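Heads up: the structure comes next, in C-alpha cells.
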Amino acid sequence: MKNYQTPRGTQDVLPEESYRWQQVETAMRQLCRLYGYDEIRTPIFEDTDVFKRENDSSDMVNKEMYTFSMGEGDSLTLRPEGTAGVIRSFVQHKMYGRSELPVKLWYKGEMFRHERPQKGRYRQFNQFGIENIGLKSPLIDAEVIALGYQLVKNFGLSQIKVLINTLGDAASRSAYRAVLKEHFKDAVEELCPDCKRRYQQNPLRLLDCKVDRDHWSMQHVPSLQDSLTEASKTYFKEVLAALDALKIPYEVDEKLVRGLDYYTDTVFEVVSTHPESGSQSAVFAGGRYDGLVEYFGGPEMSGVGFALGMERLILLAEAEGIILDKKPDCDVYVMALGEVGEVPLELATRCRKAGWITECNLVPRSLKAQFKSVDRRKAKAVVIAGENEIQNHQITIKHILTQRQVTVDLTQLEETLAAMLKEEGE
RNA sequence: GCGGUCGUGGUGAAGUUGGUUAACACUCUGGAUUGUGGCUCCAGCAUUCGCGAGUUCGAGUCUCGUCGAUCGCCCCA
Numbered sequence: 057m058k059n060y061q062t063p064r065g066t067q068d069v070l071p072e073e074s075y076r077w078q079q080v081e082t083a084m085r086q087l088c089r090l091y092g093y094d095e096i097r098t099p100i101f102e103d104t105d106v107f108k109r110e111n112d113s114s115d116m117v118n119k120e121m122y123t124f125s126m127g128e129g130d131s132l133t134l135r136p137e138g139t140a141g142v143i144r145s146f147v148q149h150k151m152y153g154r155s156e157l158p159v160k161l162w163y164k165g166e167m168f169r170h171e172r173p174q175k176g177r178y179r180q181f182n183q184f185g186i187e188n189i190g191l192k193s194p195l196i197d198a199e200v201i202a203l204g205y206q207l208v209k210n211f212g213l214s215q216i217k218v219l220i221n222t223l224g225d226a227a228s229r230s231a232y233r234a235v236l237k238e239h240f241k242d243a244v245e246e247l248c249p250d251c252k253r254r255y256q257q258n259p260l261r262l263l264d265c266k267v268d269r270d271h272w273s274m275q276h277v278p279s280l281q282d283s284l285t286e287a288s289k290t291y292f293k294e295v296l297a298a299l300d301a302l303k304i305p306y307e308v309d310e311k312l313v314r315g316l317d318y319y320t321d322t323v324f325e326v327v328s329t330h331p332e333s334g335s336q337s338a339v340f341a342g343g344r345y346d347g348l349v350e351y352f353g354g355p356e357m358s359g360v361g362f363a364l365g366m367e368r369l370i371l372l373a374e375a376e377g378i379i380l381d382k383k384p385d386c387d388v389y390v391m392a393l394g395e396v397g398e399v400p401l402e403l404a405t406r407c408r409k410a411g412w413i414t415e416c417n418l419v420p421r422s423l424k425a426q427f428k429s430v431d432r433r434k435a436k437a438v439v440i441a442g443e444n445e446i447q448n449h450q451i452t453i454k455h456i457l458t459q460r461q462v463t464v465d466l467t468q469l470e471e472t473l474a475a476m477l478k479e480e481g482e
C-alpha cells in the first residue's frame, strides 16, 4: 500500500492551525489598511524571464526555481519571490500613470524554492510583502521598515533585531565593484568555485563567502563605505535618522548583502535572536531597488519593499510562547433527546441567525455524551430539545456556568439566551 | 547541493545481547439501570513497528536501498 503524503518541503495547514494563520493574515491586512497599502494578487507562476534576469547570480534564481514548460515553447516558473511579479504587473498595467505616486501594494501568497528543507525553510512557503513604488526618499525606506517592524511587534515578538546597511547607488556600486576586482585579482584562483563565479558576475557577493572566510584576501577587504558617493552616504544617514525618530532600534551591519541582485542603497533584514530560530533566523527582509521598474519596461522609477516569511513568524511566535488564536468557544449547544426530528436544527439555525456560535447535535446520542461535547466545546449555554418539552412547544435552556436552568416557550429562545449570555459577562 | 542524527498507535513514548500474545500515560469511543456533563471506575482502540528488499530457524531490534523529518553548511523569508 502506497503511503500518500505531502511532497518534501510542503505541509498541510491543519484545521486547528488555520486560526493562527488567519490571525496573521488579519494582522497584516489591518496594518496595510492603516498605512494605505492596497492588495495585489499576481499569478503563482510567470514567464521564467520575469524571475531570471540578466546578470543575476543568486542561487535562488539559478538553482532553486521550479521551472516547467507545457510544451508550448514558453518556459514558466513557479514564483520564488513576490517582488518580480508585482513589478511586472505594475509596469504591465501602467500603474505609474494611473494613480498618485508612490503606488503602495501588498501581497501574500505561496512561494516556491527547491532547497533542502529545514525548520523554517520549506519548498512551498508563504510570504507577506509590501512594495512602495515610484518615489525615492529615506523617509519612505524608514516607513516601509516601520510597517514590518510594527507587524512583528504587534504580533508580540520581542527577541528580534533590525539589521541595516547600504549598498550604495549605481555609481557607488560600480566604483566598489572595480575596487573589489582589483583587490581580489591575485587571489581568485585560490578561492572556491562559487567565488570564482562571483568574481566574474557579482564581486559584491564575495564578501558573503563562508568557505574562504579565512583566506588571506578576505582579511583586509576594502569597505564598500569607502566607495559610496556623497549622495548615497547622505541618503543612508537620513534613513537612519528617520529610524531614530521612529524609535526603531537597529544595527548597522556592513556585512549585510541581500541575496537578490536588484537591491540598491538601503537593505535591511529583521532577524530573530531566539535560540530556537536556528539557522533560518530572518523574519523579514528587503531593500530598495532602483533599476527594476525600468528593467521591466517601465519608466525610471525606484521602489522599496520587503518580504516576510509567514511560517517563520508563526514558528517564532510559538517559540516565544505567544498565545495564538485557536478555534473560538461556542456560545450555544443544542441538544436533541428522543424523537424530536428537525427541531434541534431549527433552533440552532435561529441561534446562528442571532449571531451566536452554535453547535448542534444531529445524530442520536446519550445526554451524557452530548454534555461531554458541551464541555469540550466550552459552550456557554445549552438548549435541550427533548421530547417532553417539544410536546408542549417548550425547550429547556441551561446556563453552564451558573447551572441555572429554565423551561420556556419555543418562541422565547432568543430572548432567554440573550439574557443568559449577557449575564455571564457580569 | 554537502555532512550528521532520527522515523514504533490520534499524541508523548517503553521496547533487554534479534526469540512466542508490541509496556506505560494521555486522547478518543462505549459503558457504570434507559433525560443532565466536567471527578472516579470499567471496557475497547497498532494482524504491526515510514516503505521495500536482504541476512537469519526467527527482526521493531542487524545490512542495504528508498521516502520523510531534523541539525549544521550553503542559501534565504
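Count along the first sequence from 1, then add 56; that gives the number in the working numbering.
Using N, Cα and C, we set each Cβ at its ideal position, and we do this for glycine too.
These numbers were taken from a predicted model, which means no experiment stands behind them.
Buried/exposed call for residue i, threshold 16 Cβ in 10 Å
i       : result
Gln-275 : exposed
Ser-422 : exposed
Gln-183 : buried
Asn-444 : exposed
Gly-442 : buried
Gly-204 : buried
Asn-59  : exposed
Pro-194 : buried
Asp-225 : buried
Residues near residue i in its chain [Cβ-Cβ closer than 7 Å; skip 5 each side]
i       : result
Leu-157 : Gly-190, Leu-191
Glu-482 : Residue placement at Glu-482 cannot be trusted, given a pLDDT of 47 that sits under 50; what the coordinates show is reported in the next sentence. Counting only Cβ-Cβ distances below 7 Å, and skipping sequence neighbours, we find nothing.
Gln-67  : Tyr-178
Trp-77  : Val-69
Phe-124 : Leu-132
Residue i - containing alpha helix (DSSP H), residue span
i       : result
Leu-262 : Counting along the chain, Leu-262 falls outside any alpha helix (DSSP H), and DSSP gives it neither H nor E.
Phe-292 : 286-301
Trp-272 : 272-275
Glu-102 : First-last for Glu-102: 101-103, but that is the beta strand (DSSP E), not the alpha helix (DSSP H).
Val-208 : 194-210
Glu-445 : 443-447
Asn-118 : 115-119
Thr-405 : 399-409
Residue closest to residue i, alpha-carbon to alpha-carbon, out of the options
i       : options                            : result
Gly-65  : Glu-81, Trp-162, Gly-176, Tyr-152  : Gly-176
Ser-145 : Ser-131, Gly-129, Tyr-163          : Tyr-163
Gln-206 : Val-277, Pro-305, Gly-353          : Pro-305
Thr-98  : Val-147, Ile-456, Trp-77           : Val-147
Asn-221 : Gly-353, Thr-290, Arg-154, Tyr-351 : Thr-290
Gln-461 : Ile-440, Ile-446, Asn-444          : Ile-440
Ser-230 : Arg-85, Ile-96, Leu-284, Asp-115   : Leu-284
Pro-136 : Phe-101, Gly-127, Ser-279          : Phe-101
Lys-119 : Ser-125, Lys-108, Glu-128, Met-126 : Lys-108
Leu-348 : Asp-309, Ala-140, Thr-104          : Ala-140
Gly-129 : Asp-103, Lys-150, Met-116          : Asp-103
Glu-73  : Ile-216, Ala-338, Glu-367, Leu-223 : Glu-367
Glu-187 : Gln-256, Glu-479, Asp-346          : Asp-346
Val-208 : Ala-338, Asp-225, Thr-123, Val-390 : Ala-338
Ala-474 : Tyr-152, Glu-374, Asp-387          : Asp-387
Own chain residues within Cβ distance below 8 Å of residue i, not counting five before or after
i       : result
Gln-79  : Leu-380, Asp-381
Pro-420 : Ala-392
Pro-173 : Arg-64, Gly-65, Arg-179
His-271 : Ala-243, Glu-246, Leu-247
Asn-210 : Ala-83, Leu-87
Met-121 : Thr-104, Phe-107, Lys-108, Thr-133, Leu-134, Pro-136, Phe-168, Arg-169, His-170
Neighbourhood of residue i by C-beta, 6 Å cutoff - its chain only, sequence neighbours within 5 removed
i       : result
Ile-378 : Gly-212
Val-218 : Tyr-306, Val-326
Pro-71  : none
Pro-278 : Val-235, His-239
Tyr-318 : Tyr-345, Leu-348
Ala-410 : Glu-470
Leu-371 : Gly-176
Glu-166 : Gln-180, Asn-182
Unbroken beta strand (DSSP E) run spanning residue i, endpoints
i       : result
Gly-165 : 159-168
Gln-86  : Not the beta strand (DSSP E): Gln-86 falls in the alpha helix (DSSP H), residues 71-91.
Ala-435 : Segment: none, Ala-435 is in no beta strand (DSSP E) and carries neither H nor E.
Cys-416 : 414-416
Val-147 : Where Val-147 is concerned, there is no enclosing beta strand (DSSP E), although the alpha helix (DSSP H) it sits in stretches over 139-148.
Met-391 : 388-393
Glu-171 : Careful: Glu-171 lies outside any beta strand (DSSP E) and carries neither H nor E.
Phe-352 : No beta strand (DSSP E) contains Phe-352, which DSSP labels as neither H nor E.
Lys-217 : 216-222
Glu-187 : 180-189
Are the stretch 397-408 and the stretch 358-367 touching by the rule of at least three beta carbon pairs closer than 8 Å?
-> no
Taking contact to mean at least 3 C-beta pairs separated by less than 8 Å, is the stretch 339-346 in contact with the stretch 200-208?
-> yes
Decide if the stretch 324-337 is in contact with the stretch 224-240; the criterion is three or more beta carbon pairs, one per stretch, under 8 Å apart.
-> no
For the stretch 422-438 against the stretch 455-463, are there 3 or more C-beta pairs whose distance is under 8 Å?
-> yes
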